[in-house]
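Using my numbering, you'd call the opening residue of the sequence shown number 87 and step up by one each time.
Data first, discussion second: the structure below is written as structure tokens.
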Amino acid sequence: MDKEWEEFQKAMRQINTISEAIVAEEDEEGRLDRQIGEIDEQMECFRRVEQLRDRQEIRKYQLKETMRQTITQTKEDEDIDSNDEGELQDLLSQDWRAKGTIL
């Protein structure tokens with residue numbers, strides 16, 4: 087009877103060892119699956135960050151271009167206005183009698 091009891095206990099230890107190994111393997115697989123999921127999520131977030139950075143750079147470039155064009159247009163308008171004012175001032179400062187109009 088003692089021999090049967092010892093064999094039973096030995097078999098139970100083996101079964102417990104196998105069971106613990108299976109549980110440990112399943113835990114490891116679950117942990118790896120979670121880590122892979124987290125890594126995938128981080129990669130997706132990083133991709134979104136890169137897209138937002140690209141959009142930000144495009145917007146900065148567009149803003150600089152718009153500002154440059156606005157400044158250029160403003161300078162051109164000022165030049166035209168100052169030329170027109172100069173011509174008007176010249177015209178007004180001339181003596182119409184000195185033009186030599188023949189009557």
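We treat Cβ as the ideally placed atom computed from N, Cα and C, and that holds for glycine.
> DSSP on Met87, reduced to helix/strand/coil?
Replying inline: Taken through DSSP and simplified to helix, strand or coil, Met87 comes out as coil.
> From Arg141 to Val109, what does the alpha carbon distance come to, in whole angstroms?
Replying inline: Rounded to whole angstroms, Arg141 to Val109 spans 48 Å at the Cα level.
> What number of angstroms, rounded off, separates the C-alpha of Lys89 from the C-alpha of Glu106?
Replying inline: Between the alpha carbons of Lys89 and Glu106 lies a distance of about 25 Å.
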